[in-house]
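Chains as they are written, first to last, in the UniProt record's numbering: chain A, 1 to 210; chain B, 1 to 130. For each residue, glycine too, the CB sits at the ideal point set by N, CA and C.
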Amino acid sequence: MAEGAGGAAANGGSDEKVLDFLDSVDSYLTTMESLAPILRQGWFDLASARHSMGVFRVSSASLDLKDHSASTYLQMVGHESDDSFVGQPSFSLCKWASADNKSCCSEEEIPDSQLRHRGTSRLSENQEQNSNGDDSLKTVDDLVKKERSKTLSVFGTLVSPKLRTAQLSFETALEVLVEAANIRSSMLSAYSQVQKQMEDTREGEIGPIP
Amino acid sequence: MAGRAQIATKSSALIAMIADEDTVTGFLLAGVGNVDLRRKTNYLIVDSKTTVKAIEDAFKEFTTREDIAVVLISQYVANMIRFLVDSYNKPVPAILEIPSKDHPYDPAHDSVLSRVKYLFSAESVASGRR
Numbered sequence: 001m002a003e004g005a006g007g008a009a010a011n012g013g014s015d016e017k018v019l020d021f022l023d024s025v026d027s028y029l030t031t032m033e034s035l036a037p038i039l040r041q042g043w044f045d046l047a048s049a050r051h052s053m054g055v056f057r058v059s060s061a062s063l064d065l066k067d068h069s070a071s072t073y074l075q076m077v078g079h080e081s082d083d084s085f086v087g088q089p090s091f092s093l094c095k096w097a098s099a100d101n102k103s104c105c106s107e108e109e110i111p112d113s114q115l116r117h118r119g120t121s122r123l124s125e126n127q128e129q130n131s132n133g134d135d136s137l138k139t140v141d142d143l144v145k146k147e148r149s150k151t152l153s154v155f156g157t158l159v160s161p162k163l164r165t166a167q168l169s170f171e172t173a174l175e176v177l178v179e180a181a182n183i184r185s186s187m188l189s190a191y192s193q194v195q196k197q198m199e200d201t202r203e204g205e206i207g208p209i210p
Numbered sequence: 001m002a003g004r005a006q007i008a009t010k011s012s013a014l015i016a017m018i019a020d021e022d023t024v025t026g027f028l029l030a031g032v033g034n035v036d037l038r039r040k041t042n043y044l045i046v047d048s049k050t051t052v053k054a055i056e057d058a059f060k061e062f063t064t065r066e067d068i069a070v071v072l073i074s075q076y077v078a079n080m081i082r083f084l085v086d087s088y089n090k091p092v093p094a095i096l097e098i099p100s101k102d103h104p105y106d107p108a109h110d111s112v113l114s115r116v117k118y119l120f121s122a123e124s125v126a127s128g129r130r
């Protein structure tokens, strides 16, 4: 009876791992499918901007080749062992970090409450806290607008509104891709667990060689 | 291994791109472009004149750089260097195959899905039943 219960528990655990793996594959496929219409919109807006601004203004020839840091990058959390990542790294997108202040202007994982209190110190008055929170939000918004404009200025002082909407489409695409990267990471982790389990099962069935 | 110390780390890293001009331009609009002092970029624009060797070199460079966490590669470009992409198996940087204007995303060719589909294959099921 005890062996049966233990066997049932082991089967339950292995089923859970297989389900986790299947769920992650499904999530990955769904996420990648959702990317296509976003990119399509971005390409369409880019083509519209090229039509109104001219082919040579919206092309790789306009790209800034002077040294500059990326405004949008990833924060990666993982476990390092012997200078290599092990386990399941996770990624979060940090959008429009200011060059002067390397903190993220718009980070995906920071909850709104933290953003609102970023500008405040030790104020106890709710009204002052709210007004300071609003000020810090405005500062964050201003910084984001400034960084966005700086990136658009590579294509000239006056740019088509379609170029701005293309920028927003590709920003959205980046968010989806970061989500896909995290799902990929959990999928590979679940896969390695299921694979290990299958190998352990096979070794258990074969038994020791006399 | 029990003896190895695993340290949780948080680091910032770039997104690299190997794709056509419109896709790269779009993502550069989103602010991911980085050019270092040696004029090395985190992207490669693939057009009709780009050789397979250049794509291979860019892929190898981006997957060995420590400051890159994700490599976005158009799937049709990945198909040109499929052997290299499929043989890549590190967790970081993550390789994501993305659609392009003329080539929609095909899950059957995705390297990470090819790797895990073994679990669904007849060989895997048969060996489990023996």
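Legend: CB atoms of the stretch 32-58 of chain B lying less than 8 Å from CB atoms of chain A belong to residues Val32, Gly33, Asn34, Val35, Asp36, Leu37, Arg39, Thr41, Asn42, Ile45.
By the C-beta criterion, the stretch 34-49 of chain A is judged to be in contact with the stretch 98-114 of chain B, since at least 3 inter-stretch pairs fall below 8 Å. When C-beta distances to chain A are compared with 7 Å, the residues of the stretch 97-123 of chain B below that value are Ile98, Pro99, Lys101, Pro104, Tyr105, Pro107, Val112, Val116, Leu119, in chain order.
Distances from the alpha-carbon of B/Asp57 to those of B/Phe27, B/Asp47, B/Tyr76, B/Leu84 put B/Leu84 closest.
Comparing C-alpha distances from A/Val25 to each of A/Ala181, A/Ser60, A/Asp200 shows the shortest one belongs to A/Ala181.
Per DSSP, the unbroken beta strand (DSSP E) holding B/Ala69 starts and ends at 68-74. Three or more pairs of CB atoms, one per stretch, sit closer than 8 Å, so the stretch 171-188 of chain A contacts the stretch 28-35 of chain A.
Under the three-state reduction of DSSP output, B/Ser100 falls in the coil class, being neither helix nor strand. About 7 Å separates the CB atoms of A/Ser185 and B/Ala94; that is less than 8 Å, so the two are in contact. With its beta carbon at least 8 Å from every one in chain A, B/Ala19 lies outside the interface. B/Phe27 belongs to the set of residues whose beta carbon lies under 8 Å from a beta carbon in chain A.
In the displayed model, A/Ser90 falls within a strand according to three-state DSSP. Looking at the DSSP output, B/Thr41 sits in a beta bridge with B/Val35. With the criterion set as a beta carbon lying under 9 Å from some beta carbon of chain B, the members of the stretch 59-77 of chain A are Ser59, Ser60, Ser62, Leu63, Asp64, Leu65, Lys66, Asp67, His68, Ser69, Ala70, Ser71, Thr72, Tyr73, Leu74, Gln75, Met76, Val77, in sequence order. DSSP places A/Ala97 in the coil class of the three-state scheme, outside both helix and strand.
Assigned with DSSP and collapsed to three states, A/Ala70 falls in coil, not helix or strand. Secondary structure note for B/Ala58: its alpha helix (DSSP H) is the uninterrupted segment 52-64. Annotation: A/Thr157 is outside any alpha helix (DSSP H) and is labelled neither H nor E by DSSP. Counting only the Cα atoms, B/Pro107 lies some 38 Å from B/Leu37. Among the CB atoms of chain B, none fall inside 8 Å of the CB of A/Phe56. The contact set of A/Glu16 on chain B, defined by CB atoms closer than 7 Å, is empty, because the minimum CB distance reaches about 15 Å. Taking a contact to require three or more Cβ pairs closer than 8 Å, the stretch 6-25 of chain B and the stretch 42-50 of chain B qualify as touching. For B/Ser12, the secondary structure class from DSSP, reduced to helix, strand or coil, is strand. Assigned with DSSP and collapsed to three states, A/Gly42 falls in helix.
Cβ proximity to chain A below 7 Å picks out Ala69, Val70, Leu72 from the stretch 64-84 of chain B.
Inter-segment contact for the stretch 196-203 of chain A and the stretch 61-80 of chain A is absent: fewer than three beta-carbon pairs are separated by less than 8 Å.
Pairing B/Met80 with B/Val112 gives a Cβ-Cβ distance that is not under 8 Å.
At a cut-off of 8 Å between C-beta atoms, A/Pro89 counts as an interface residue with respect to chain B. C-alpha of B/Gln75 to C-alpha of A/Leu93: approximately 22 Å in a straight line. Setting aside the 5 residues that flank it on each side, B/Asp86 is surrounded in the same chain by Ser111, Ser114, Arg115, each with a C-beta closer than 8 Å to its C-beta; the list follows chain order. Between B/Leu72 and the set A/Leu177, A/Ile183, A/Ser189, the nearest pair of CA atoms involves A/Leu177.
Under a criterion of Cβ atoms nearer than 8 Å, the residues of chain B adjacent to A/Met187 are, in order, Val112, Val116. Listed along chain B, the residues sitting closer than 9 Å to A/Glu147 by beta-carbon distance are Gly31.
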